[in-house]
Amino acid sequence: MPWATDYYPAAMKHLPPATRQKAIEIANALLAEGHPEGQCIRIAIARARQWAQRRHPDQDVEDA
41 MPWATDYYPA AMKHLPPATR QKAIEIANAL LAEGHPEGQC IRIAIARARQ
91 WAQRRHPDQD VEDA
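Note that the numbering used here has the sequence shown beginning at 41, numbered continuously upward.
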């Protein structure tokens, strides 16, 4: 099931809002490609954190 800003996996709960939104976008794209849900969540969080780190290298992007 696709995720949205108000409906997302619990594993994304502690991500900063911008990073969480990016993780949701990535996870939905992976789901559309046919990847398993659990794998989508893990990959999306990792890639979103990398995205946030590149975007704001001087800030901690792990938690809000």
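Even for Gly, the Cβ is constructed at its ideal location relative to N, Cα and C.
Check your understanding: Which term fits Thr45, buried or exposed, when burial requires 16 or more other beta carbons within 10 angstroms of its beta carbon?
Key -> exposed
Check your understanding: Can you check whether the CB of Ala50 is closer than 8 Å to the CB of Ala88?
Key -> no
Point to revise | Sequence-distant residues of the same chain with beta carbon closer than 7 Å to Arg60, five excluded per side | key: Tyr48 and Met52
**Study point:** Presumed contact (8 Å Cβ cut-off) between Leu70 and Pro42, rounded CB distance
**Key:** Their Cβ separation, rounded to whole angstroms, is 11 Å, which puts Leu70 and Pro42 out of contact at 8 Å.
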